[in-house]
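Using our numbering, the first residue of the sequence shown is number 61, and each one after it goes up by one.
Reviewing the structure listed below.
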Amino acid sequence: RTAAVQAQLAEDFAGWGHYRQLFDTVLEVLPEARFVGDSTQTVYSGNHLVELDGARRWFNASTGYGTLGYGLPAAIGAKLAEPGRPVISLMGDGGLQFTLPELASAVEAGVGIIVLLWNNSGYGEIKRYMQRRDIEPLGVDIYTPDLLAIARGFGCAAERARDHAHLAELLRTAPSDRPLIIEVLEQAPFHP
Numbered sequence: 061r062t063a064a065v066q067a068q069l070a071e072d073f074a075g076w077g078h079y080r081q082l083f084d085t086v087l088e089v090l091p092e093a094r095f096v097g098d099s100t101q102t103v104y105s106g107n108h109l110v111e112l113d114g115a116r117r118w119f120n121a122s123t124g125y126g127t128l129g130y131g132l133p134a135a136i137g138a139k140l141a142e143p144g145r146p147v148i149s150l151m152g153d154g155g156l157q158f159t160l161p162e163l164a165s166a167v168e169a170g171v172g173i174i175v176l177l178w179n180n181s182g183y184g185e186i187k188r189y190m191q192r193r194d195i196e197p198l199g200v201d202i203y204t205p206d207l208l209a210i211a212r213g214f215g216c217a218a219e220r221a222r223d224h225a226h227l228a229e230l231l232r233t234a235p236s237d238r239p240l241i242i243e244v245l246e247q248a249p250f251h252p
């Protein structure tokens, strides 16, 4: 019975290697980071993959009501509460569109949060659930504007990570006085 459970877990987590590498990169550069999450694939996977020492380091809204948009304002609050600790907001492109104006609040407050923006041009997790259950995907392929250009318009630093080495460089050089939005595209070339 144990072997069957282990085999099922291995199968379930087989596709999560790129998430593991993403979190490993972030924690290598910012080992004391606090994570605040939205309803997004990085949070769902991180709930299972990330183990952090200490309390109050992993806040997310991916359970229960699945609140989209929570990550950005919650990250601003976390950074204001403890300015000396790095704060990473894990958000998807769909969720960020719920609270985009909060980027202006973050710039005005001078908070150097890092938004790790997982971009799959829609509600990818919901789409996959629908497809697995033979439901025709509806309302999940949303229009995704150029979120980096919008972030720059608010006064944020904004870059697309090309690979894990570039992600590490962006994390190391993140501004301390304004938000940095790092876009990670779900598809290649970021993921091998």
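Beta carbons are placed, not taken as given, at the ideal position from N, Cα and C, and that holds for glycine.
Computed from a predicted model, the values in this text were never measured in an experiment.
Can you round the beta-carbon distance between residue i and residue j to whole angstroms, since I take them to be within the 8 Å contact cut?
i       : j       : result
Ala-221 : Leu-230 : 6 Å
Phe-214 : Leu-163 : 4 Å
Cys-216 : Ile-241 : 5 Å
Gln-68  : Gly-152 : Not confirmed; about 27 Å, so no contact.
Give me, in chain order, the residues of the same chain whose beta-carbon lies closer than 6 Å to that of residue i; leave out the 5 immediate sequence neighbours on both sides.
i       : result
Arg-94  : Arg-117, Ala-138, Arg-145, Val-147
Ala-135 : Val-96, Val-147, Ser-149, Ile-173
With a threshold of 7 Å on Cβ separation, who are the neighbours of residue i within its own chain once the five nearest residues in sequence on each side are excluded?
i       : result
Gly-154 : Leu-128, Gly-182, Tyr-183, Ile-202
Gln-157 : none
His-226 : none
In angstroms, rounded to a whole number, what distance separates the CA positions of residue i and residue j?
i       : j       : result
Val-65  : Arg-80  : 21 Å
Trp-178 : Glu-243 : 6 Å
Leu-140 : Leu-198 : 39 Å
Ala-228 : Leu-90  : 9 Å
Val-110 : Val-175 : 17 Å
Gly-131 : Arg-188 : 22 Å
Gly-170 : Met-190 : 40 Å
His-78  : Glu-92  : 21 Å
Arg-238 : Thr-85  : 22 Å
Arg-192 : Val-200 : 14 Å
Leu-112 : Phe-119 : 12 Å
Leu-35  : Ser-165 : Outside the displayed span of the chain (61 to 252) sits residue 35, for which this structure offers no information.
Val-167 : Arg-61  : 53 Å
His-224 : Ala-234 : 15 Å
Glu-246 : Ile-210 : 20 Å
Ala-301 : Leu-160 : The requested residue 301 is not part of the displayed model; the chain covers only 61 to 252.
Gly-133 : Ala-115 : According to the sequence provided, residue 133 is Pro. The question's Gly does not apply to it. Their backbone Cα atoms lie some 20 Å apart in a straight line.
Comparing C-alpha positions only, which one of the options sits nearest to residue i?
i       : options                            : result
Val-236 : Glu-196, Asp-206, Glu-142          : First, the amino acid is wrong: residue 236 is Ser here, not Val. Looking at the Cα atoms, Glu-142 is the closest of the given residues.
Pro-205 : His-224, Arg-188, Cys-216, Asn-180 : Asn-180
Apart from the five residues on each side of it in sequence, which residues of its chain come closer than 8 Å, Cβ to Cβ, to residue i?
i       : result
Arg-212 : Ala-218
Glu-88  : Ala-228
Arg-232 : Val-89
Is the Cβ of residue i closer than 7 Å to any Cβ of chain B?
i       : result
Ser-236 : Looking for chain B here will not work: only one protein chain is present.
### Task
Enumerate, from N- to C-terminal direction, the unbroken beta strand (DSSP E) stretches of 3 or more residues contained entirely within the stretch 89-167.
94-97, 118-120, 147-152
Minimum length 4: unbroken alpha helix (DSSP H) runs contained in the stretch 178-234 = 184-192, 207-214, 224-232
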